[in-house]
Every structure is written in C-alpha cells, then in structure tokens.
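Report on the following structure.
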Amino acid sequence: MPRTPAKKQRTTNRKWPPSRARLDQLIEEAITDAYDESEQRTAFLTLIADQLALPFETTVLDMVVTVEQVHLGAADDIVAICRRGKKRQAIPILDLPLSSPPPAGAEWIEAYRRWVRGR
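In the working numbering, the protein residues as written are 11 to 129.
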C-alpha cells in the first residue's frame with residue numbers, strides 16, 4: 011500500500027533567528043555540488059521550494075498576503091509569488107517580511123539572504 015507523504019510542518023520549531031553557524035551550515039549544504047553562482051542560486055531555489063511550508067501568510071506594506079510559490083525571477087533572483095484576493099505580485103525573497111512565527115523551512119530563506127550578502 012503506498013504511503014501518503016507526511017504533511018509539512020507549518021511553523022518552525024527551531025530557535026529563531028538561526029545562528030550564523032547554522033546558516034553557514036545550510037549554505038554549505040546548498041552549494042556543495044554547484045559550480046557557479048547561477049547553479050548555487052538554483053540550488054537555493056530548489057531547497058527553499060522543497061523545504062518551505064507553502065502557502066503561508068505574511069504582511070507586506072500593512073496588507074496580509076499569501077505566499078503561494080517561489081520562482082526564479084526575470085533578474086535571476088528568487089521571488090515569492092504573493093496573492094491578495096485575485097491579484098498576484100512577485101516580491102524578491104530578499105525583501106519578503108516573514109511572519110511570526112516564521113513558517114517551517116524559513117531558515118533556508120535566511121541562509122540564502124546571508125549567501126547573497128556575502129556572509
């Protein structure tokens with residue numbers, strides 16, 4: 011009988027924010043087999059998409075939005091696809107405010123932010 015996949019945990023149960031050592035560990039895990047910056051960014055996108063508990067709600071410019079997906083944007087950056095009602099907007103994940111408590115998997119967003127900013 012096939013097993014049903016386990017549901018993703020909705021919020022993180024780790025210490026928040028993650029320590030620098032934890033972020034560095036996640037960065038190394040993400041970029042281990044990536045050869046250049048583009049491959050490294052794609053590795054982060056894959057891990058964020060796989061690990062982040064989607065959808066989740068957060069507040070952007072005093073409005074509650076639902077983060078539905080993450081994608082690679084036109085400028086080769088990782089963006090969150092946010093919805094409010096029928097409208098959707100791509101917001102760079104570097105600028106996305108996280109809810110409190112943050113969703114499970116949000117430590118990958120923090121690791122990506124640290125990697126982009128040069129540790």
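Just so you know, even glycine gets a beta-carbon here, dropped at the ideal spot from N, CA and C.
Measuring straight from C-alpha to C-alpha, what distance separates residue i and residue j?
i, j, result
"V77", "P65", "5 Å"
"V75", "E117", "20 Å"
"P113", "I58", "11 Å"
"D72", "R124", "25 Å"
"Y122", "A53", "10 Å"
"I91", "K97", "10 Å"
"R93", "V70", "11 Å"
"L82", "P28", "24 Å"
"A31", "T42", "16 Å"
"I37", "E47", "13 Å"
Going by DSSP, what residue range makes up the beta strand (DSSP E) through residue i?
i, result
"A90", "88 to 94"
"K25", "Counting along the chain, K25 falls outside any beta strand (DSSP E), and DSSP gives it neither H nor E."
"P102", "97 to 102"
"L64", "Careful: L64 lies outside any beta strand (DSSP E) and carries neither H nor E."
"L82", "73 to 82"
If residue i sits next to residue j, beta carbons under 8 Å apart, how far is it from one beta carbon to the other, in whole angstroms?
i, j, result
"L104", "T68", "Not confirmed; about 14 Å, so no contact."
"A44", "Q50", "4 Å"
With residue i as the anchor, note down where its alpha helix (DSSP H) starts and where it stops.
i, result
"A31", "30 to 41"
"R123", "116 to 126"
"L55", "47 to 61"
Between the options, which has its C-alpha nearest residue i's C-alpha?
i, options, result
"A40", "L55, W26, P28", "L55"
"D87", "G128, W26, I101, L62", "I101"
"I9", "Q61, R93, A31, A44", "In this structure the chain extends from 11 to 129, so residue 9 is not present and cannot be described."
"Q99", "A31, R30, V80, S110", "V80"
"K25", "S110, V126, G128, R127", "S110"
If you check the beta carbons only, do residue i and residue j fall under 7 Å apart?
i, j, result
"L63", "G115", "Looking at the sequence itself, residue 63 is Ala, so the reference to Leu does not match. Yes, Cβ-Cβ distance for A63 and G115 is below 7 Å."
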